[in-house]
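Numbering (my numbering), first residue to last: 1 to 133. In this text, a Cβ means the ideal position worked out from N, Cα and C, and glycines have one as well. In this text the structure is predicted, and so the values were computed from the model without any measurement. Have a look at the structure below before the remarks.
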């Protein structure tokens with residue numbers, strides 16, 4: 001059974017706005033506590049500014065938005081995995097090899113998405129910054 005933070009049974013969201021409010025609260029909580037997520041949001045803002053300055057095409061925007069949202073979503077997923085591990089084993093634990101492996105795989109997921117996003121950024125911006133477009 002799902003439990004709310006006050007220990008009572010968690011209720012299913014009754015309407016879309018309630019779901020949206022919980023999602024925004026969850027993102028805000030992660031944003032406050034996760035340095036890497038703040039960096040990813042900052043990097044996305046920089047990408048948007050550069051995209052506006054060099055006037056990328058609609059197709060290029062699609063690639064950039066896909067890359068930015070993928071990185072942020074991957075970082076959120078990694079944050080969830082880390083939080084679940086802490087919840088299960090506590091904050092001060094002797095690293096169990098299986099838990100360490102799980103945490104490393106979650107970090108690897110973010111790494112792969114980040115490398116892909118960086119490649120998309122290079123492929124999109126290269127022609128604009130070098131003068132090919």
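Three-state secondary structure assigned by DSSP to residue i
i           : result
residue 96  : coil
residue 14  : coil
residue 131 : coil
residue 1   : Low confidence applies to residue 1: its pLDDT is 45, below 50, so where it sits in the model is not reliable, and the reading given next is rough at best. Reduced to three states, the DSSP call for residue 1 is coil.
8 Å Cβ shell around residue i - same chain, five flanking residues per side excluded
i           : result
residue 117 : 67, 68, 70, 71
residue 44  : 68, 71, 72
residue 129 : 54
Buried versus exposed call for residue i [16 or more other C-beta atoms within 10 Å across all chains shown]
i           : result
residue 106 : buried
residue 13  : exposed
residue 112 : exposed
residue 47  : buried
residue 1   : Caution applies to residue 1, whose pLDDT of 45 falls short of 50 and renders its modelled position unreliable; the model cannot decide the point.
Beta-carbon proximity list for residue i, same chain, < 7 Å, skipping 5 on both sides
i          : result
residue 78 : 106, 107, 109, 110
residue 36 : 75
- Kindly provide the ranges of any alpha helix (DSSP H) runs that are 4 or more residues long and lie completely inside the stretch 41 to 92, ordered along the chain. 58 to 89
- Taking contact to mean at least 3 C-beta pairs separated by less than 8 Å, is the stretch 121 to 132 in contact with the stretch 63 to 82? yes
- Below 8 Å, can you find three or more Cβ-Cβ pairs linking the stretch 17 to 37 to the stretch 72 to 79? yes
- Counting pairs of Cβ atoms below 8 Å between the stretch 30 to 41 and the stretch 97 to 107, do you hit three or more? no
- Is there contact between the stretch 41 to 58 and the stretch 79 to 92, where contact requires at least three CB pairs shorter than 8 Å? no
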